[in-house]
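**Student:**
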Amino acid sequence: MDIFQLNTLGITDCVLYRYEEDNTLCCLTPTVPWAFTLTAIDETTLNVTDILSLYLEDFLIDAKQCWQSEGAAQISSGFWTEAREVTPLRLEALATNNGDGERYLAIKNVSKEFDYRQQSLQSARELLLTHHAVISQQDSLHERLLQVLKEIESCKRQQLAIRQAIQHLTTGVVILDAQKNLFLDNGMARQVLRADCQENCVHNLFRLMKDVYVDAVFLNNLEEQQTTWRGEVFWQNAPGGSRWLQLTVSPVFQNGAINYWVYLFTDTTQTHANDNNEAQSIDTDLLTQLDSRQSFKRELDKWLKTKQAFGLFIIDICEFRRVNENLGYRVGDDILKSVAQRLKSFLGEDGYLARIGGNEFALLTPFTCLSDGIVHDYGRGLQIALEDVFIAFGKAEITLSANIGIAAFPQHGSTTEDLLKDAGLALQFSKYKGKSEVTVYRTQLKTKQAELANIEAALAKAISDNKLAIHLQPIVDLSCGDIIKCEALARWTNDEGKVIPPDVFIPIAEKSGLIFALGDWLLHSVCKTVKELAKYSPNIRVAMNISGRQICAPDFLTKIKEAIAHYDISASQLGIEITETVFIHRTNTVAVTLASLRAIGITISIDDFGTGFSSLEYLKRLPIDELKIDRSFVRDLCVNNDDKVIIKSIIGLASNLGLTVVAEGVESDEQHHFLLRQHCVMAQGYLFNRPMPVKQFIDLLIARQ
Amino acid sequence: MIQKKICLLGPTGVGKTSLVRQFVDGIFSEKYLTTIGVKIDKKQMDIDDKSLQLLIWDIEGVDRYCGFNPRYLRGAAAFVIVVDQTRSQSLLEGMDIFTSARESFPNTPAFFVVNKSDLPNEWYWTSEEVEQRQRLFTDAINTSAKTGENVEQLFNKIASVVI
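Just so you know, the sequences run in chain order C and U. For the first sequence, our numbering begins at 235 and goes up steadily by one. For the second sequence, our numbering begins at 15 and goes up steadily by one.
#1: Mind checking Ser-515 (chain C): buried by the 16 CB within 10 Å criterion, or exposed?
#2: Just the C-alpha distance for Phe-547 (chain C) and Leu-679 (chain C), rounded to the nearest angstrom, thanks.
#3: Give me the chain U residues within the contact set of Arg-359 (chain C), using Cβ-Cβ distance strictly less than 9 Å, ordered along the chain.
#4: Please name the residues in the region 770–799 of chain C whose beta-carbon is closer than 7 Å to at least one beta-carbon of chain U, in chain order.
#5: Mind checking if Thr-113 (chain U) is an interface residue toward chain C, Cβ cutoff 7 Å exclusive?
#6: Where does Pro-736 (chain C) fall in DSSP's three states?
#7: Is there a Cβ of chain U sitting closer than 7 Å to that of Gln-912 (chain C), yes or no?
#8: Keeping to the same chain, check which residues put their C-beta closer than 7 Å to that of Lys-130 (chain U); ignore five residues upstream and five downstream.
#9: Could you please tell me which residues of the region 366–388 of chain C, in chain order, have their CB closer than 8 Å to any CB of chain U?
#10: At 8 Å on the CB atoms, spell out the chain C contacts of Glu-136 (chain U), in chain order.
#11: Counting pairs of beta carbons, one from the region 917–928 of chain C and one from the region 45–62 of chain U, are three or more of them closer than 8 Å?
#12: Quick one: Cα of Ile-780 (chain C) to Cα of Glu-811 (chain C), how far?
#13: Would you identify the three-state DSSP class for Val-760 (chain C), choosing helix, strand or coil?
#14: Can you tell me whether Phe-452 (chain C) is helix, strand or coil according to DSSP?
#15: What do you get for Glu-512 (chain C), buried or exposed, if any count of 16 or more other CB atoms within 10 angstroms of its CB means buried?
#16: Counting pairs of Cβ atoms below 8 Å between the region 31–41 of chain U and the region 736–743 of chain C, do you hit three or more?
#17: When you compare the CB of Arg-351 (chain C) with every CB in chain U, is at least one pair closer than 7 Å?
#18: If contact is defined by three or more beta carbon pairs under 8 Å, each pair taking one atom from either stretch, is the region 74–81 of chain U in contact with the region 358–367 of chain C?
#19: Cβ of Phe-348 (chain C) less than 7 Å from any chain U Cβ?
#20: Taking DSSP as the reference, what is the three-state secondary structure of Tyr-86 (chain U)?
#21: Using 8 Å for Cβ pairs, my map puts Asp-411 (chain C) next to Tyr-494 (chain C). What's the rounded Cβ distance?
#22: How do the region 904–917 of chain C and the region 871–885 of chain C stand: do at least 3 beta-carbon pairs fall below 8 Å, yes or no?
#23: So for Trp-137 (chain U), helix, strand or coil by DSSP?
#24: Is Val-816 (chain C) near Ile-785 (chain C), with beta carbons less than 7 Å apart?
#25: State the DSSP-derived secondary structure class of Leu-150 (chain U), mapped to helix, strand or coil.
#26: If we count Cβ pairs, one from each stretch, closer than 8 Å, do we get three or more for the region 451–458 of chain C versus the region 479–488 of chain C?
#27: Give every residue of the same chain whose Cβ lies closer than 7 Å to the Cβ of Ile-569 (chain C), excluding the five residues on either side of it in the sequence, and list them in chain order.
#28: For Asp-349 (chain C), verify whether its CB is less than 6 Å away from any heavy atom of the ligand GTP.
#29: For Leu-133 (chain U), return the contacting residues in chain C, with the cut-off set at a CB-CB distance below 9 Å.
#30: In this structure, how does DSSP classify Thr-31 (chain U) when only helix, strand and coil are distinguished?
#31: Does any residue of chain C have a CB that is nearer than 7 Å to the CB of Ile-177 (chain U)?
#32: Measuring only between beta-carbons, confirm whether Phe-313 (chain C) sits less than 7 Å from chain U.
#33: Around the C-beta of Leu-133 (chain U), are 16 or more other C-beta atoms found within 10 angstroms, so that it is buried, or is it exposed?
#34: Does the beta carbon of Gln-36 (chain U) come closer than 7 Å to any beta carbon on chain C?
#35: Residues in its own chain within less than 6 Å of Ile-309 (chain C) by CB, not counting five upstream and five downstream?
#36: Compute the distance between the beta-carbons of Ala-805 (chain C) and Ile-836 (chain C), then report whether it is under 7 Å.
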């Protein structure tokens, strides 16, 4: 059956063009009326004489690349709308090249798909906006209350004014004093808590906190860390019936002592009801035809009732968003279908598979003999099944990786919530470790999660209290041993006097977003140090490490310039060290920033060179001054000929590109002499000096002089 | 006549489509209808005795359901990041989109629009925090697609930069 018959029968509503050798398009379906909205067509030859649609005209740039590519390829334009007098046209264009000279442009009327997508996203986005509005209201109210409550005296004086201000809010407010006695509440709080008087209000608030596990330990943690908690809770045993609440719990301090506890809550049950109705009406994921999240929970309940041992695997496809962004949602959707297919084949008939999120699948499989090792091996098997190349529409080739979190019944939990929570926590740790990780739940993960949270909170406090220190490691001229410059390294000793190594706190800072605050602290500390060092060595340069996230921040350059101006130092006394990984995804942004930094005189070094993706392309294109050879090559160079060859190559490459080289981790005379023979100019390492406090570094400078 | 492509970007629900409707047709609807994909509108303007046609690309809001697609910005004379002053989070989301757009288009003029100025400002950002971000743009303006406040001015500013 050809396209004419399909169109006539209403199976498709599609315009088809053939791309000719002479760069023209020939319309194969001139009888489709709306084709003339998009293109002008010569009635005799059926060749396209003009493109009337602006969107199509733009898409043809990509389409031509697809047609002119040597191999098979296909790309989609995504949905667009063409305005018409009566009803708008909803369209999607596809350019295809089968690799054997057949090249087509298909434009499809996608009104039905468009309407379906719009209806689904309309509800989803309305929910998203409602949720944002609730959070925004609470945040704004929280901010204002904190300001007032911190002024303890005026606060008591203004109790009546505050009461009036909060009385008619749509957010429930309860403020307790340090002894947990009621200071203020409002009408909405009493309504949500079903309280008819002040006493009841406090009583029901404590009942709510107990029911949702916001216990004394939790509150003590908030108090110790002087932080606010915000989240959504399901109050199952609420008076008047279970309900969802968006909750904020915040201690208020004055002069370091706790003054008040602020509780804010909004009833979000209605939002969830809409959410549930939406979800329940779709028990099946329409794309993969697998069960949805709701159905999965019901299935998990059933499995638990059988009392048979089984494993729960949550599979997260890494960075799937990039597939959608780079290749379009059609390709992304096609690949998700293939993922589902592969998982189903791997699983066999005894197991159960559901799609529980955009790029998340959940799988249940029975085990006659169950151990952590067995479920871990099964998880690895799942990963291997997903490792082979995926082919979308017979053309696009993609490789994927997956992180997996595993919980087993009965070892790790006996309820749906526990097992899902445990597998979710295990998945979180897999993601924390990187890509293609499999983690089986163990109770220590909870401890580890709490430890990480504690370190994160302590680090945030240490940064804001300026409790970190800078140590400097000299970088010397290999031929004479003179100190040319130094690298600044952040060091942290916590309140208990324990040294927390950088390889512990820096990854935590990266994951939590504290890297920005840490970066700001480092920048200011380094500039201050440069100012101090200038008294003893006016030309010494101090280099600092900058993370990929920092350098991509839009205000990074401004911050650097402001710090330089603030400390009145020369930009040429600063150096920035970045790793190769920052170039993988954001080469253009980084290139612009680096060029601007270099323009004001800052030196740019590539740290740990040789361990990343070491693309010659970026070395040629990007504004770089220096390569730092990773310590792993230097460490074994006396026993490993490969490392010698690599170091020689890096030095040769740098020389050809006009870059200087610093060898890291030099610890022996033998390494020193080898590097000298290879004309490596600079080095740092324990052979010369360990990192040292600024004062000691100054003493060293004075002694050298 | 000179034609210039202008792209409207931003998080979901900030009022990109409403700004276009107000500017092109002079109408506003309270009902929120989410945009899917792209819709292009045209509007002719006269700037300094020159006739200019703006080709305004109204692009689906960026959120967890729809990522940012830099391809839409190809050939744009300017792009606009629209955020919503009743939703603090929209500023962060808008800046994320701006960063992504700048990766591929470092030199294209970019305008920062804080929409819904007819509603009370619910942002918890300080004016300094907002200004710090605004400085990264070619120009910034507060608008109301509902009352029409500054909508014409926004497109006039854009037109005078791109012409």
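Cβ atoms here follow ideal geometry from the backbone N, Cα and C, with glycine treated the same way. Values in this document were obtained by computation on a predicted structure and should not be read as measured data.
**Tutor:** Working from what's here:
#1: Here residue 515 (chain C) is taken as the residue at index 281 of the first sequence, counted from 1. Caution applies to Ser-515 (chain C), whose pLDDT of 46 falls short of 50 and renders its modelled position unreliable; the value that the coordinates give is listed next. Flag for Ser-515 (chain C) reads exposed.
#2: Position 313 of the first sequence holds residue 547 (chain C). Position 445 of the first sequence holds residue 679 (chain C). Looking at the two C-alpha atoms, the distance is approximately 16 Å.
#3: Here residue 359 (chain C) refers to the residue found at position 125 of the first sequence. By Cβ distance, chain U contributes Thr-26, Gly-27, Tyr-46, Thr-48, Gly-75, Asp-77 and Tyr-79.
#4: Cys-786, Pro-788 and Asp-789
#5: Taking the second sequence and counting its residues from 1, one reaches residue 113 (chain U) at position 99. Closer than 7 Å to some Cβ of chain C, the Cβ of Thr-113 (chain U) qualifies, so yes.
#6: On the first sequence, position 502 is the one that residue 736 (chain C) refers to. Pro-736 (chain C) falls in the helix class under three-state DSSP.
#7: Within the first sequence, numbered from 1, the residue matching residue 912 (chain C) stands at position 678. For Gln-912 (chain C), the answer is no, since every Cβ of chain U falls outside 7 Å of its Cβ.
#8: Numbered from 1 along the second sequence, position 116 holds the residue referred to as residue 130 (chain U). Excluding positions up to five away in sequence, the list reads Gly-29, Asp-98, Gln-99, Thr-100 and Ser-158.
#9: His-366, Ala-367, Ile-369, Ser-370, Gln-371, Asp-373, Ser-374 and Glu-377
#10: Counted from its first residue, the second sequence places residue 136 (chain U) at position 122. Simply Ser-370, Gln-371 and Ser-374.
#11: no
#12: Looking up residue 780 (chain C) in the first sequence gives position 546. Looking up residue 811 (chain C) in the first sequence gives position 577. Their Cα atoms are separated by approximately 6 Å.
#13: What you label residue 760 (chain C) is simply residue 526 of the first sequence in a count that begins at 1. Note: Val-760 (chain C) maps to helix in three-state DSSP.
#14: Translated into the one-based positions of the first sequence, residue 452 (chain C) becomes position 218. The answer is helix: DSSP assigns Phe-452 (chain C) an H, G or I state.
#15: In the first sequence, residue 512 (chain C) corresponds to position 278, counting from 1. The predicted model places Glu-512 (chain C) with a pLDDT of 48, which falls under 50 and marks its position as unreliable; any figure quoted below should be read in that light. Exposed.
#16: no
#17: By 1-based counting over the first sequence, the position of residue 351 (chain C) is 117. For Arg-351 (chain C), the answer is yes, since a Cβ of chain U falls inside 7 Å of its Cβ.
#18: yes
#19: Here residue 348 (chain C) refers to the residue found at position 114 of the first sequence. Chain U contact via Cβ: present.
#20: One-based indexing of the second sequence puts residue 86 (chain U) at position 72. Three-state DSSP puts Tyr-86 (chain U) in a helix.
#21: One-based indexing of the first sequence puts residue 411 (chain C) at position 177. One-based indexing of the first sequence puts residue 494 (chain C) at position 260. That belief holds up - the Cβ atoms of Asp-411 (chain C) and Tyr-494 (chain C) are roughly 6 Å apart, short of 8 Å.
#22: yes
#23: Along the second sequence, read from residue 1 onward, the residue named residue 137 (chain U) stands at position 123. DSSP places Trp-137 (chain U) in coil when its eight states are reduced to three.
#24: What you label residue 816 (chain C) is simply residue 582 of the first sequence in a count that begins at 1. What you label residue 785 (chain C) is simply residue 551 of the first sequence in a count that begins at 1. The answer is yes: Cβ separation under 7 Å.
#25: Your numbering for residue 150 (chain U) matches position 136 in the second sequence. Looking at Leu-150 (chain U) - three-state DSSP - the assignment turns out to be coil, as it is neither helix nor strand.
#26: yes
#27: Against the first sequence, residue 569 (chain C) aligns to sequence position 335. Correct list, in chain order: Val-557, Phe-624, Ala-626 and Ile-632.
#28: No copy of the ligand GTP occurs in the structure displayed, which carries no ligand at all.
#29: Position 119 of the second sequence, counted from the start, is the residue given in the question as residue 133 (chain U). Neighbours of Leu-133 (chain U) on chain C: none; closest Cβ ~11 Å, over 9 Å.
#30: Translated into the one-based positions of the second sequence, residue 31 (chain U) becomes position 17. Helix at Thr-31 (chain U).
#31: Stepping through the second sequence from its first residue, residue 177 (chain U) is reached at position 163. It does not: the Cβ of Ile-177 (chain U) has no partner Cβ on chain C nearer than 7 Å.
#32: Within the first sequence, residue 313 (chain C) is the residue found at index 79, counting from 1. True, the Cβ-Cβ gap to chain U drops below 7 Å.
#33: For this step, residue 133 (chain U) is matched to residue 119 along the second sequence. Label assigned to Leu-133 (chain U): exposed.
#34: Numbered from its first residue, the second sequence carries residue 36 (chain U) at position 22. Not an interface residue.
#35: Within the first sequence, residue 309 (chain C) is the residue found at index 75, counting from 1. For Ile-309 (chain C), where only same-chain residues beyond five positions count, the Cβ hits under 6 Å are Asp-296, Cys-300 and Ala-329.
#36: Looking up residue 805 (chain C) in the first sequence gives position 571. Looking up residue 836 (chain C) in the first sequence gives position 602. For Ala-805 (chain C) and Ile-836 (chain C), yes; Cβs fall inside 7 Å.
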